[in-house]
Amino acid sequence: MGIEQLGSGAAVEMYRTMVTIRKFEEQVNQLYLSAIMPGLAHLYSGEEAVAVGVCSALTSEDYITSTHRGHGHCLAKGADVRLMFAELLGKADGYCGGKGGSMHIADQERNNLGANAIVGGSAGIATGAAFSAKKRQSGQVVACFFGEGALGQGILYEVMNMASLWKLPILYVCENNLYNEYTPYQEVTAGSILKRPEAFGIPVEDLDGQNVEEVYDAASRAVARARAGEGPTFLHCRTYRYQGHHVGDINRTYYRSREEEQLWRTERDPIQLWRTRLVAAGIADEALLDRIDREVEELVKDGVEFAKNAPYPDESEVATHVYA
Amino acid sequence: MGIEQLGSGAAVEMYRTMVTIRKFEEQVNQLYLSAIMPGLAHLYSGEEAVAVGVCSALTSEDYITSTHRGHGHCLAKGADVRLMFAELLGKADGYCGGKGGSMHIADQERNNLGANAIVGGSAGIATGAAFSAKKRQSGQVVACFFGEGALGQGILYEVMNMASLWKLPILYVCENNLYNEYTPYQEVTAGSILKRPEAFGIPVEDLDGQNVEEVYDAASRAVARARAGEGPTFLHCRTYRYQGHHVGDINRTYYRSREEEQLWRTERDPIQLWRTRLVAAGIADEALLDRIDREVEELVKDGVEFAKNAPYPDESEVATHVYA
Amino acid sequence: MSMPDTMLRETQESGRIITMGEAIREALAQEMRRDSRVFIIGEDVAEAGTPFKVLQGLVDEFGTDRVIDSPISEPGITGLGIGAAMTGLRPVVDIMFGDFLPLASDQIINQAAKVHYMSGGKLKVPLVIRTTLGATRRSAAQHSQSLHAIYSHIPGLKVAVPATPYDAKGLLIQAIRDDNPVIFFEDKMMYTVKGPVPEEPYVIPFGQAAIMQEGTDVTLVATSSMVYVALDAAKLLADQGISAEVINVRTTSPLDRDTLIRSAMKTTRAVVIDEGYQQYGVTAEIASVIAEGAFYYLDAPVKRLGAMDVPVPFSPPLEDLTVPTPERVVRVVQSLFNQ
Amino acid sequence: MSMPDTMLRETQESGRIITMGEAIREALAQEMRRDSRVFIIGEDVAEAGTPFKVLQGLVDEFGTDRVIDSPISEPGITGLGIGAAMTGLRPVVDIMFGDFLPLASDQIINQAAKVHYMSGGKLKVPLVIRTTLGATRRSAAQHSQSLHAIYSHIPGLKVAVPATPYDAKGLLIQAIRDDNPVIFFEDKMMYTVKGPVPEEPYVIPFGQAAIMQEGTDVTLVATSSMVYVALDAAKLLADQGISAEVINVRTTSPLDRDTLIRSAMKTTRAVVIDEGYQQYGVTAEIASVIAEGAFYYLDAPVKRLGAMDVPVPFSPPLEDLTVPTPERVVRVVQSLFNQ
Ligand SMILES: Cc1ncc(C[n+]2csc(CCOP(=O)(O)OP(=O)(O)O)c2C)c(N)n1
Ligand SMILES: Cc1ncc(C[n+]2csc(CCOP(=O)(O)OP(=O)(O)O)c2C)c(N)n1
Ligand SMILES: [Mg+2]
Ligand SMILES: [Mg+2]
């Protein structure tokens, strides 16, 4: 594939979406620091190319499942910034009427089946959605996002076995950002990550998760395989989260060095890399990209304002939706 | 290794133990058919070489964990036939005072940590025992028996990961008898069984589970590795159960053919194969082996009589041992 | 287990007697014919028709595409069921023994029960988990539990505990048509119990207890097979001149509080009988609901009779001590009249 | 949360005030010094000292051999803990959020709770699972549950729900020395609550509730942080001339039935307060125990105040509605005097 086949419109849109995620997360951090956002949030900054690369290979009918670090997935699947911020502030206008919050945003209209606060918790849901797509012959594909920490959860192997057996149309997207919370993943992960899905008969692609083009290409191949009835693919995306495990994780030097963080930020930033590539390929010039940056800035500010002004849910809402 | 290094005494003992298991199970089936045994039992007949090969490589201090199909493991670890039958009949003299029954026999004196009626349910216990042995520097090794059906249980992968990470002294012994209850394992098992442990960094041996010598040799190598601090080994033992999934599973042709059963019984019987080998190697003659057969017959009959005559537990026992 | 008179009466009217196992199979078959979104997944459900043989024959009619043998992966198949339910199918997940539900408990408690609420009502999980409860099969501690209290505790789940073939069919059809996750507990000992069951499909709404027998002196509230224990106890009590009203709870969640409280108000005494562990079990909820709701009418404390608070022992004479029996119920009832 | 007068009094005597988090850390450190078999395993327990920072510093003293960072494998580490406990060690398994216990429920319910019984007393499982409960941290439905009722239901397990730093240290040391599996629930909101705690190691026996404040008109029975809610309610009630006795349950299993019943007999009224879901929850067991045991003394029905029967919502104004508050307790108590 590559940037050429992608088309310049799509390539620029990928840039815009990555910037949207980055600026969204900056605002989330702000909302936390200014004590406007209730609870915590797990920021996706640094990992944008994974969500955007994968979701750009999906149609709006395709499903995704997401994680505690899910804002990026949600935005990449096309969510509305206003409704997301509203959800993060627990407002009635939020995607889940304020009942879900950062760790449970779902966007039914774009077939985002939801973030999940149980590590690995959506692996079953995603595989079931793939099973459903296959049985309904809908042609839909599922992207199941999870961190490398989810490799510790047995259910992942259980459902990979079934996805492989029944050739389900699913992409297992492992976002390896090197840390399970505050523990380097190598300390708790034996053997080879890549060999694990392979042992279940699932092909693996080992990807530079900072390179949106590389992720997009691999995801496109995997989607094509899935739609052709050839079953699941496992995408291992090497990436990095810039911020702490969550917004409150400020002092991080006991588990990773400032130098390491700096290196990823300066050398491996997915947005900067893509920007450079777009300009070099003559697809966009700096002015266009600057304009996009400003547009996104506006969009995000507007979203925050909207959310701040939105009402809290009515008290009666506490008891609705327990049952359908 | 091979039969030569094993020593003729040990080689003949292995024969005796396999015969003991076979004749024990025949009696269990009898007890079921004559409605003397409460509940059900899962017979080990046909798989004797696995338990005996592995346990012959262990000391009495080493641990095992066992399964719903556990009589063979228990006997191979040296259990008393009388106390086993008593347990199967729910008698006070049984290994667990009648409280455990066929699926929960444990033999604390020989460090058999117990059978388990949850498929894969003892994988955690076995790995914990190995962790304990390592931490206590006791030099003990653990053999964790499970059927290939347990490959469906996520916890197995969780604990193999830890065993590999921390180089725990454990043998994961997969008894692949081709069926999960009434379902051929290939229908529910994707990819490659052998590659699964490998993906977690655990070396695998693929073994003829009907050949007690081959199993013993591999287990001895694995035990040596474990004692040397080199971590876990996965033994894949290809075997077959002669009887139904449990004693009540009489009509089996809908999931496997009579021919298949017959073939294993006549061509691949572990006891017959070992008998032939012992005689051929000049380690034992037919007369000796016939005598052993008769001795075992007596032992097993005696065990059944003992159990039949043993008293049921006192009613007060129902409420003891809930807490230590 | 003996068939109660009321049921015999119904039988004469309906004309058809089948077993509980047949009623369940018929409910599944009829719903699968009606709605192509319904499918079954579980261990040995297809050719084997489960170890209890309850599903036997379904695979012949519906094929291995809709009656699916799974790996031994309770968390995985439950998760798969949830995802399928969220995206347009109506899965019936078979968890062979209720004792295995804890393996799938994260999926049940943290996912299935909460998806609808967490999404602000946008997603739903029309999932049925069919499973079993009940002891006295000599299956020991890991195959004999009645764990329905755990799932009745969790908002977002519904829990059915059918007592008769009629219940089983009507509640199972309701469960399949319900847009919420339902845990459907079948007593393993009851598959061969017979009773009248209409041939055409019908639903029993959740949250409606059934009065199996009217009475005036004491209310016996029972779940699942304990309904038969209560009915047998009622017979013994009748011989002693005590008239017992017997209520079949049918669904522990939602619970038909009104029927229970009204009956206890009338009889002024109540005993709650359930086969789950007594401590923090189903009897606790029901007893406290009645004790609170009928407080000013009660002439004696509400009594509970659950399973003994011990792991289920294998040894038959011990196991038999752990479950409620008609004799034990009678003794408890008598104690309410002697104070 | 305010410190009750009784505790202030004890403080003046003992002379040392520390937080609940410190009390827990001290209990662990002292037991690890005393007994080399004790070790800790869990996610981010070592250098990070858990996300709650409760274990901070332990790894410095005891090393990564005894304070072990694990993969994110709740079933696996629980199973490993059980096996280690059966073979001579005394593991303390850290399950970060109580909401994750369902992942490990097969290991807890089918293995840990039953090994001793199933083996006829030959094997034992001296295991502690430290975990958390409690809402109002704006952590939404999968990080806010109080699931202690589920484990209190299972024979073979013990369940501690400490309310004060003094409880926490004494109950945790007891849990570690206990030869049975103990699930130890810490309220996440209470780690910074301060109270008097003796420096030397001590144990609080399981099954002994603490009367936090004596009273004559109504008994408030509470678990964990709900003890503070009850104490605050008692203050408000005192202003209205109602004298409340406040009981801290300390362990739901074993449950100190005698203390609860005796108190209700004395006051003639009782309200049970717990942060778990109300339906089939801890309040049901305790209320039915009191309603039965004190039946002939009660002047009003025993009332229950659990969490609302809804998944915990994220939105703060909604979440705050789901948990018992002093004001809600007062309203319920008042209703007992108006009938
Ligand atoms: C089952 C479960 N265990 C533990 C946690 C607590 N927890 C939240 S995020 C996290 C680390 C996840 O690491 P990873 O999967 O790599 O995702 P990342 O945060 O790095 O994106 C942990 C342990 C949880 N949410 N769920
Ligand atoms: C967790 C769990 N699920 C299902 C069962 C029911 N069951 C008992 S044995 C068995 C098949 C086990 O197959 P395998 O592991 O290959 O052992 P085998 O019986 O062949 O020795 C099943 C599904 C169980 N006991 N535990
Ligand atoms: Mg990570
Ligand atoms: Mg097998």
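Protein chains in written order, with the working numbering: chain W, 799 to 1122; chain P, 799 to 1122; chain B, 17 to 355; chain X, 17 to 355. From the three backbone atoms N, C-alpha and C, an ideal C-beta is built for every residue, glycine too.
Does the CB of residue i have a neighbour CB from chain P at under 8 Å?
{"i": "residue 988 (chain W)", "result": "yes"}
{"i": "residue 343 (chain B)", "result": "no"}
{"i": "residue 338 (chain B)", "result": "yes"}
{"i": "residue 324 (chain B)", "result": "yes"}
{"i": "residue 956 (chain W)", "result": "yes"}
Tell me the DSSP secondary structure of residue i in three-state form.
{"i": "residue 18 (chain B)", "result": "Unreliable placement is indicated for residue 18 (chain B), whose pLDDT of 46 sits below 50; the coordinate value is still reported in the next sentence. Residue state, collapsed to three classes: coil."}
{"i": "residue 130 (chain X)", "result": "coil"}
{"i": "residue 95 (chain B)", "result": "helix"}
{"i": "residue 363 (chain X)", "result": "Residue 363 (chain X) falls outside the range modelled here, since chain X spans only 17 to 355, and no answer is possible."}
{"i": "residue 69 (chain X)", "result": "coil"}
{"i": "residue 808 (chain W)", "result": "helix"}
{"i": "residue 229 (chain X)", "result": "strand"}
{"i": "residue 853 (chain P)", "result": "helix"}
{"i": "residue 923 (chain W)", "result": "helix"}
At the 8 Å Cβ level, is residue i part of the contact set with chain W, yes or no?
{"i": "residue 134 (chain B)", "result": "yes"}
{"i": "residue 996 (chain P)", "result": "yes"}
{"i": "residue 803 (chain P)", "result": "no"}
{"i": "residue 330 (chain X)", "result": "yes"}
So that I know if they touch, is there some Cβ in chain B lying closer than 8 Å to that of residue i?
{"i": "residue 825 (chain P)", "result": "no"}
{"i": "residue 923 (chain W)", "result": "yes"}
{"i": "residue 1107 (chain P)", "result": "no"}
{"i": "residue 1115 (chain P)", "result": "yes"}
Report all residues from its chain with a CB closer than 6 Å to the CB of residue i; omit the five preceding and five following residues, and keep chain order.
{"i": "residue 48 (chain B)", "result": "54, 78"}
{"i": "residue 168 (chain B)", "result": "175, 268, 269"}
{"i": "residue 1012 (chain W)", "result": "1005, 1006"}
{"i": "residue 929 (chain W)", "result": "966"}
{"i": "residue 24 (chain X)", "result": "Low local confidence applies: a pLDDT of 49 at residue 24 (chain X) is under 50, so the model's placement there is unreliable, with the coordinate-based value given in what follows. Correct list: empty, nothing qualifies."}
{"i": "residue 295 (chain B)", "result": "325"}
How about residue i: is its C-beta nearer than 8 Å to some C-beta of chain X?
{"i": "residue 960 (chain P)", "result": "yes"}
{"i": "residue 317 (chain B)", "result": "yes"}
{"i": "residue 171 (chain B)", "result": "yes"}
{"i": "residue 933 (chain P)", "result": "yes"}
According to the Cβ coordinates, are residue i and residue j closer than 8 Å?
{"i": "residue 886 (chain W)", "j": "residue 839 (chain W)", "result": "yes"}
{"i": "residue 816 (chain W)", "j": "residue 971 (chain W)", "result": "no"}
{"i": "residue 904 (chain W)", "j": "residue 969 (chain W)", "result": "no"}
{"i": "residue 213 (chain B)", "j": "residue 100 (chain B)", "result": "no"}
{"i": "residue 874 (chain W)", "j": "residue 915 (chain W)", "result": "no"}
{"i": "residue 255 (chain X)", "j": "residue 225 (chain X)", "result": "no"}
{"i": "residue 141 (chain X)", "j": "residue 120 (chain X)", "result": "no"}
Which residues in the same chain have their Cβ closer than 8 Å to the Cβ of residue i, if we skip the five residues on either side of it in sequence?
{"i": "residue 335 (chain B)", "result": "151, 152, 154, 160, 328, 329"}
{"i": "residue 81 (chain X)", "result": "55"}
Can you name the residues of chain W whose CB is closer than 9 Å to the CB of residue i?
{"i": "residue 953 (chain P)", "result": "952"}
At a CB-CB cut-off below 7 Å, which residues of chain X make contact with residue i?
{"i": "residue 126 (chain B)", "result": "115, 118, 158"}
Can you pull the chain X residues whose beta carbon is under 8 Å from the beta carbon of residue i, in chain order?
{"i": "residue 978 (chain W)", "result": "59, 60, 87, 88"}
At 7 Å on the CB atoms, spell out the chain B contacts of residue i, in chain order.
{"i": "residue 122 (chain X)", "result": "118, 119"}
{"i": "residue 897 (chain W)", "result": "133, 134, 136"}
Starting from residue i, find everything on chain B with Cβ-Cβ shorter than 8 Å and list it in chain order.
{"i": "residue 130 (chain X)", "result": "157, 158, 327"}
Beta-carbon within less than 7 Å of residue i's beta-carbon, same chain only, minus the 5 sequence neighbours each way: which residues are those?
{"i": "residue 918 (chain W)", "result": "944, 948, 951, 953, 954"}
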